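For reference, the structure discussed in these notes is given below.
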Amino acid sequence: MLKSPLSLGATIGILGDGQLGRMLSQAASRLGFKVVIFGPDKESPAAQVSLASKVAAYTDEAVLARLAESCDVITFEFENVPASSLDYLTGKGAVVAPSSKALRITQDRVLEKSFARDHGIGTVDFYPVDSLDDLYAALRQSGLPALLKTRREGYDGKGQVWIRSLDEAPAAYDSLNGRPSILEAKASFTREISVVAARGWDGQVKTFPIGENHHVGGILSTTLAPANVSPAVSAEAHDIAKAVLEGLDYVGVLAVELFVLDGDALLLNEIAPRVHNSGHWTQDGCWCDQFEQHIRAVAGWPLGDTSARCTIEMTNLLGADILAWPDLSAEPASRLYVYGKDDPRPGRKMGHINRIKSV
Ligand code: AMP
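Take the position in the sequence shown, starting the count at 1, then add 927; the result is the number in the numbering used here.
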């Protein structure tokens, strides 16, 4: 628990060293904070723009202890940080947000969906799978096709396989290497939306306008926001985000990904316990963006104004897309964000561009 708002010049530690850490660090330094990055890579996107970085495994207790000593608040930008590392930091007297409890639930698709159900939020039907027998039993109930996912550490469509007939079950099961899994019934959605929202130490909640997301090959391609959804869908999505934030006793920014079904019912797909790619549009579309909002929340500052200034289409620049930077940087009414990564491997998130669609 933070006893009082952080003063100017205070130090924030961030576990995770990717582009989300980079943009959090930039937002924090704009507000006068110092940032220390803790992650596995030396020249990481986040370390490049921060005061200091500690290059170590997330489980390195000696380095975690030094981080606890030198930071006024510690947060994370990566949901696969071990929750036990957050407990270790807390045990050393550090103030950590979001909490390890929130991280544990959102790291595991079965715990996450069970949490949603327990809080009256709809999800697809789902079944924990720990053996091929479990998978057959689950498929008999879910119907076909159905989606087998690892419970943990899947992202951008990785660790997921569609099963279209019972014959495909053994190969699908083997492809996940026996890892604890979840079978999900297919959601027949018409659109995918997300809501990014924040909660402060004092329980204040603010939600950003809804984004509509398009994925290609399981990876987010574009977000259009504020999305053209009905007031009822928007209100329900915001209520879901609020229920999630309060149910997790959450401090910081999170994103809730939702499926919109025919008739506008909403199902929760996933909770990301961090700033999120579908919230990048807020950098140019809102008065206070998601990165600043997260820093404000964990620092105990008042939450910023989340209202939209304009409509933005955010497009991810994956792999070689970034090589078009000379043209992209010359586009009017747009802003280019580059993450400082060397190798434009196919599918790798190298940057994004926010294009203003209407004011
Ligand atoms: P996830 O990693 O769970 O966010 O899944 C990546 C993408 O796969 C989602 O954005 C959807 O487009 C699709 N997807 C995930 N789960 C389901 C489901 N149960 N039914 C239909 N499509 C899904």
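All C-beta atoms in this analysis are idealised placements derived from N, C-alpha and C, irrespective of residue type, glycine included.
Remember, it's a predicted structure, so these values are computed and weren't measured experimentally.
Exposed unless 16 or more other CB atoms sit within 10 angstroms - verdict on residue i
i       : result
GLU1078 : The sequence given here places Arg at residue 1078; Glu does not occur at that position. Buried.
ASN1104 : exposed
HIS1142 : exposed
ALA974  : buried
VAL935  : Checking the sequence, you will find Leu at residue 935 rather than Val. LEU935 comes out exposed.
GLU996  : exposed
GLY1145 : exposed
ALA1096 : buried
PRO972  : buried
ARG932  : It should be pointed out that residue 932 corresponds to Pro in this sequence rather than to Arg. Answer is exposed; the Cβ neighbour count stays below 16.
LYS1085 : exposed
GLN1321 : As shown, the chain starts at 928 and ends at 1286. That puts residue 1321 outside it, with no answer to give.
GLY1047 : exposed
GLU1173 : exposed
SER1205 : buried
TRP1208 : buried
PRO1025 : buried
SER1115 : exposed
ASN1243 : buried
ALA1065 : buried
LEU1250 : exposed
ARG1272 : exposed
ARG1201 : buried
ARG949  : buried
THR1050 : buried
ARG1223 : buried
GLN1191 : Position check: residue 1191 holds Asp in this sequence, whereas Gln was assumed. Burial call: exposed.
Residue i: CB within 7 Å of a non-hydrogen atom of the ligand AMP
i       : result
TYR1082 : yes
PRO1076 : Reading off the sequence shown, one finds Lys at residue 1076, where the question assumed Pro. Within the cutoff, so yes.
GLN1087 : yes
HIS1221 : no
ASN1104 : no
GLU1039 : no
VAL1202 : no
ASN1196 : yes
GLY1049 : no
GLY1145 : yes
GLU1119 : yes
HIS1142 : yes
ASN1006 : Contrary to the premise, residue 1006 reads as Glu rather than Asn in this sequence. No - the ligand AMP has no heavy atom lying nearer than 7 Å to the Cβ of GLU1006.
GLU1139 : no
GLU1184 : yes
Residue i CB to nearest heavy atom of the ligand SAM below 7 Å
i       : result
LYS1113 : You won't find the ligand SAM in this model; what it holds is the ligand AMP.
Cross-strand partners of residue i (DSSP beta bridge)
i       : result
PHE965  : LEU942, LYS981
PRO1055 : ILE1109
ARG1282 : GLU1240, SER1261
ALA989  : Paired residues: none, contrary to the question.
ALA1043 : Its beta-bridge partners do not exist; DSSP assigns none.
LEU1038 : DSSP output for LEU1038 lists no bridge partner at all.
ALA1235 : CYS1213
LEU1245 : LYS1276
LEU1147 : HIS1142
LYS1133 : ALA1125
VAL1225 : In DSSP, VAL1225 forms no bridge with anything.
VAL1023 : ILE1001
Residue i: first and last residue of the uninterrupted beta strand (DSSP E) it sits in
i       : result
GLN975  : It is not in any beta strand (DSSP E) - GLN975 carries neither H nor E in the DSSP assignment.
ALA1073 : 1073-1077
Where the alpha helix (DSSP H) through residue i begins and ends
i       : result
SER1027 : 1027-1033
VAL1143 : Taken as a continuous stretch (DSSP letters only), VAL1143 belongs to no alpha helix (DSSP H), being part of the beta strand (DSSP E) at 1138-1143.
ALA1154 : Run containing ALA1154: none; DSSP gives neither H nor E here.
LEU1255 : 1252-1255
Min CB distance residue i to chain C below 8 Å
i       : result
PHE1003 : The structure shown contains no chain C; it holds only a single protein chain.
*Whole alpha helix (DSSP H) elements within the region 1081-1131, 4-residue minimum*: Counting whole runs of 4 or more residues, the region 1081-1131 contains the alpha helix (DSSP H) stretches 1096-1102.
*Could you tell me which uninterrupted alpha helix (DSSP H) segments, each at least 4 residues in length, are contained entirely in the region 1172-1222, listed from first to last along the chain?*
Those alpha helix (DSSP H) runs which fall completely within the region 1172-1222 and span 4+ residues are 1209-1212.
*asked:* To test your reading of the DSSP string, which unbroken beta strand (DSSP E) runs of 3 or more residues are found completely within the region 992-1018?
replied: Listed in chain order, they are 1000-1003.
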